[in-house]
Amino acid sequence: MKLHLYLLAFALPLVPAVSAEGIQAPDAKLTLEGSVAFTEGPAWHPNGNVYFSDIANNRIMRGDAEGAMHVYRTPSGRANGLLFDREGRLLACEGGGEGGNRRVTRTELNGTITVMADRFAGKKLNSPNDLALDSKGRIYFSDPRYGDRGDLEQFDGGGRDIEGVYRIDGPGKISRIITHEVHRPNGILVSADDKFLFVADNVNDGPKKGLGGNRKLWRFDLKANGTVDPKSRKLLFDWGSDRGPDGMAMDSKGRIFATAGFNFPKPPVETNKRYKAGVYVFSPEGKLLETIPVPADMITNCTFGGDDLRTLFVTAGHKLWSITVKDPGRLGWPAAK
29 MKLHLYLLAF ALPLVPAVSA EGIQAPDAKL TLEGSVAFTE GPAWHPNGNV YFSDIANNRI
89 MRGDAEGAMH VYRTPSGRAN GLLFDREGRL LACEGGGEGG NRRVTRTELN GTITVMADRF
149 AGKKLNSPND LALDSKGRIY FSDPRYGDRG DLEQFDGGGR DIEGVYRIDG PGKISRIITH
209 EVHRPNGILV SADDKFLFVA DNVNDGPKKG LGGNRKLWRF DLKANGTVDP KSRKLLFDWG
269 SDRGPDGMAM DSKGRIFATA GFNFPKPPVE TNKRYKAGVY VFSPEGKLLE TIPVPADMIT
329 NCTFGGDDLR TLFVTAGHKL WSITVKDPGR LGWPAAK
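The sequence shown lines up with residues 29 to 365 when you count with this note's numbering.
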């Protein structure tokens with residue numbers, strides 16, 4: 029298996045040796061697709077365009093089939109996670125930034141923007157981060173808060189802040205399904221059969237009020253009504269003191285592709301003792317199958333695309349990367365072939 033890293037000017041330590049499962053295509057090369065300020069949330073459109081967030085410049089970018097980069101929307105509400113729904117409408121988690129809106133939006137096919145959620149129980153959301161869909165088209169999103177916490181409004185009855193996971197059944201119809209079972213939810217996935225909800229738990233700036241700094245991947249049983257059983261929480265993987273999981277994607281075989289790790293330490297809160305920057309590929313049961321090294325800190329998210337959904341797009345640092353894999357990804361739209 030051959031992996032070529034473009035624009036790599038220095039030798040990088042590789043991720044831990046694991047058994048190769050033949051996930052990458054033969055002679056696959058990691059290719060640089062574009063470079064902006066701070067990339068996140070890639071989403072594929074079947075017209076050959078890949079959309080992604082440029083958080084630092086408060087815009088959503090569009091990379092066309094010829095490799096050119098275009099501004100799709102600005103300002104973007106400091107959009108993070110992006111996803112096309114089952115009708116081809118672009119969903120966006122807008123973190124808002126200081127004084128900005130903190131919401132989940134849907135860009136309609138005519139270009140208008142619908143606010144799907146911006147409050148829960150009358151209080152502003154923290155900073156919507158990433159989202160997923162189930163087979164019924166219901167939206168699940170994570171609502172952590174990284175950085176300044178001075179304007180948080182989500183607290184429980186005891187005054188403890190809530191960084192939760194929510195479900196949207198329609199514009200303004202929002203339910204909280206995870207309250208304290210995850211310290212700081214980030215990436216999120218729903219299995220193809222709607223039986224499981226996968227949540228990346230990544231406290232990357234130190235302990236959360238004495239609770240520790242989780243860098244873990246969890247799995248919850250997802251009920252038919254769109255709620256989870258808190259007692260079903262299962263730890264799939266723990267990155268320890270290294271940088272934990274961020275965005276995730278799932279392929280047609282149910283394998284989880286999670287972005288995580290650092291090539292260089294970020295003391296005192298994140299190390300790089302073992303898990304270097306890359307895409308970590310897991311079975312649905314949490315077995316680490318393979319790693320795809322990426323020569324950039326920080327690696328943030330990934331999605332599948334290309335005509336056959338066998339191109340894995342990865343946002344990392346200031347760049348958008350791609351690499352060919354053997355099996356197609358699973359997207360809500362367009363569906364895997």
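Think of the CB as a built atom: it goes at the ideal place given N, C-alpha and C, for glycine as much as any other residue.
It should be emphasised that the depicted structure is a prediction, and the values quoted were computed from it without experimental measurement.
Which listed residue (the options) has its alpha carbon closest to that of residue i
i, options, result
"Val-322", "Thr-331, Pro-312, Tyr-308", "Tyr-308"
"Gly-150", "Pro-172, Gln-182, Lys-164", "Gln-182"
"Ala-363", "Met-326, Pro-74, Pro-258, Leu-58", "Pro-74"
"Arg-101", "Asp-82, Asp-113, Ala-93, Gly-198", "Asp-82"
"Phe-112", "Ala-145, Trp-246, Arg-166, Ile-327", "Arg-166"
"Pro-54", "Trp-361, Ile-351, Glu-298", "Ile-351"
"Asp-355", "Trp-349, Gly-345, Ala-344, Leu-337", "Leu-337"
"Met-278", "Leu-217, Gly-128, Gly-268", "Leu-217"
"Lys-259", "Arg-90, Trp-267, Phe-265, Asp-249", "Asp-249"
"Ala-368", "Gly-282, Val-231, Val-256, Gly-333", "Here the chain has residues from 29 to 365 only, and residue 368 is not among them."
"Gly-333", "Gly-128, Trp-349, Lys-294", "Trp-349"
"Glu-136", "Asn-129, Ala-120, Asn-85, Arg-130", "Ala-120"
"Thr-140", "Lys-152, Arg-117, Gly-128", "Arg-117"
"Gly-357", "Asn-86, Ser-280, Pro-273", "Ser-280"
"Leu-263", "Thr-255, Val-227, Ile-320, Ala-71", "Val-227"
"Lys-57", "Gly-275, Ile-320, Ala-344, Met-89", "Ile-320"
Local Cβ density within 10 Å of residue i, reported as buried at 16 or more and exposed below that
i, result
"Arg-106", "buried"
"Asn-253", "exposed"
"Leu-359", "buried"
"Glu-68", "buried"
"Phe-161", "The question names Phe, but residue 161 in the sequence shown is Leu. Per the 10 Å Cβ criterion, buried."
"Ser-155", "buried"
"Thr-331", "buried"
"Arg-195", "buried"
"Ser-170", "buried"
"Ser-219", "buried"
"Lys-347", "buried"
"Ser-104", "buried"
"Leu-35", "Note that Leu-35 scores 28 on pLDDT, short of 50, meaning its location in the model is unreliable; the coordinates nonetheless yield the value given after this. Under this definition Leu-35 is an exposed residue."
"Val-99", "exposed"
"Gly-241", "buried"
"Lys-30", "Confidence is the limiting factor: at Lys-30 the pLDDT is only 32, short of 50, which leaves the residue's position unreliable, though a coordinate-based value still follows. By the neighbour-count rule (16 or more Cβ atoms within 10 Å), Lys-30 is not buried but exposed."
"Ala-84", "exposed"
"Asn-138", "exposed"
"Ala-286", "buried"
"Phe-292", "exposed"
"Gly-192", "buried"
Which residues DSSP lists as bridging residue i, in chain order
i, result
"Thr-140", "DSSP output for Thr-140 lists no bridge partner at all."
"Leu-250", "Val-256"
"Arg-87", "Asp-82"
"Val-342", "Cys-330, Trp-349"
"Pro-213", "Asp-229"
"Thr-59", "Ser-350"
"Ile-320", "Val-307"
"Trp-72", "Val-78"
"Ala-277", "Phe-285"
"Phe-292", "DSSP output for Phe-292 lists no bridge partner at all."
"Lys-244", "Asp-229, Asp-266"
"Gln-52", "Val-353"
Residue span of the beta strand (DSSP E) that contains residue i, given as start and end
i, result
"Phe-226", "224–230"
"Thr-287", "284–288"
"Leu-111", "107–112"
"His-208", "Premise fails: His-208 is in no beta strand (DSSP E) and is neither H nor E."
"Arg-195", "192–198"
"Tyr-168", "167–171"
"Glu-122", "118–122"
"Val-132", "131–135"
"Arg-358", "Premise fails: Arg-358 is in no beta strand (DSSP E) and is neither H nor E."
"Arg-101", "97–101"
"Leu-161", "159–161"
Cβ-heavy atom distance, residue i to the ligand SAH, below 8 Å
i, result
"Lys-164", "Absence of the ligand SAH is noted for the structure shown, with no ligands found whatsoever."
key: Cβ contact (3+ pairs, closer than 8 Å) linking the segment 209–220 and the segment 291–305   = With the cut-off at 8 Å, the segment 209–220 and the segment 291–305 do not touch.
key: Cβ contact (3+ pairs, closer than 8 Å) linking the segment 136–145 and the segment 198–205   = Result yes; three or more Cβ-Cβ pairs closer than 8 Å.
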